[in-house]
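See below for the structure under consideration.
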Amino acid sequence: MKVRTAARVVLLNAEDEVFMLQCRDLGDHSRRYWFTVGGGAELGETSKQTAARELAEETGIECEPSDLLGPLATCRVSIQFSTGVLVQDEVYFGMRFTEDIDLDEAMWSDREKAAITGARWWSKEEVEKSSEVIYPPELPFLIDLVCAGVEPVSPLPLNGPGGAE
Numbered sequence: 223m224k225v226r227t228a229a230r231v232v233l234l235n236a237e238d239e240v241f242m243l244q245c246r247d248l249g250d251h252s253r254r255y256w257f258t259v260g261g262g263a264e265l266g267e268t269s270k271q272t273a274a275r276e277l278a279e280e281t282g283i284e285c286e287p288s289d290l291l292g293p294l295a296t297c298r299v300s301i302q303f304s305t306g307v308l309v310q311d312e313v314y315f316g317m318r319f320t321e322d323i324d325l326d327e328a329m330w331s332d333r334e335k336a337a338i339t340g341a342r343w344w345s346k347e348e349v350e351k352s353s354e355v356i357y358p359p360e361l362p363f364l365i366d367l368v369c370a371g372v373e374p375v376s377p378l379p380l381n382g383p384g385g386a387e
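Rendered as structure tokens:
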């Protein structure tokens, strides 16, 4: 089984809302889900470097890896797509950003351009009450950590969708 290494950013604005992207399954457009900014590591990158690069690529927000809070949490996810299963070891970081985001698709890969169908800020309450699929399920807890500026001594383990602890 191939496991991809990834990093994600819990990005909060001044109102403590979290920024998420909506993606669709490229093989079944009826399957949609929301997720935090992030993606797969490139060869030789640390998790923080991956998170900073993905943040810039997906939102246009540039930061130094040291600007990120964390690592906050880790989890192994196993997500069933129409084309197969994605197994990914994820590391979560946090960041506050108080300016508006002007999404620029120029940095997106062709796959991201085809898959990403929406982007918006969500309040913690909206995340908790939503009937939409949101990854990770423990996002409200991560929002609390970023709001408090709390960096755990070691990353906290999350269960994640289909995750195996």
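Its first residue numbered 223, the sequence shown is counted upward by one per residue in our numbering.
Where a beta carbon is used, it is the ideal one built from N, C-alpha and C, also for glycine.
As the structure is a prediction and not an experimental result, all values here were calculated from the model.
- Distance from the Cα of Leu294 is smallest, within the candidate group Gly282, Thr305, Tyr314, Pro287, for Tyr314.
- Contact fails between the region 344 to 362 and the region 263 to 278, because fewer than three Cβ pairs, one in each stretch, are under 8 angstroms apart.
- Distances from the CA of Thr258 to each of Asp366, Leu234, Leu248, Glu264 were compared; the closest alpha carbon is that of Leu234.
- Less than 8 angstroms separates the beta-carbon of Ala341 from that of Leu243.
- Pairing Glu321 with Ser304, the inter-Cα distance amounts to about 37 angstroms.
- Distance from the CA of Gly282 to the CA of Arg230, rounded to the nearest whole angstrom, comes to 15 angstroms.
- Inter-residue distance for Phe241 and Met223 is about 31 angstroms (C-alpha atoms, whole angstroms).
- The Cβ neighbour count for Val232, taken over all protein chains shown within 10 Å, is at least 16; the residue is labelled buried.
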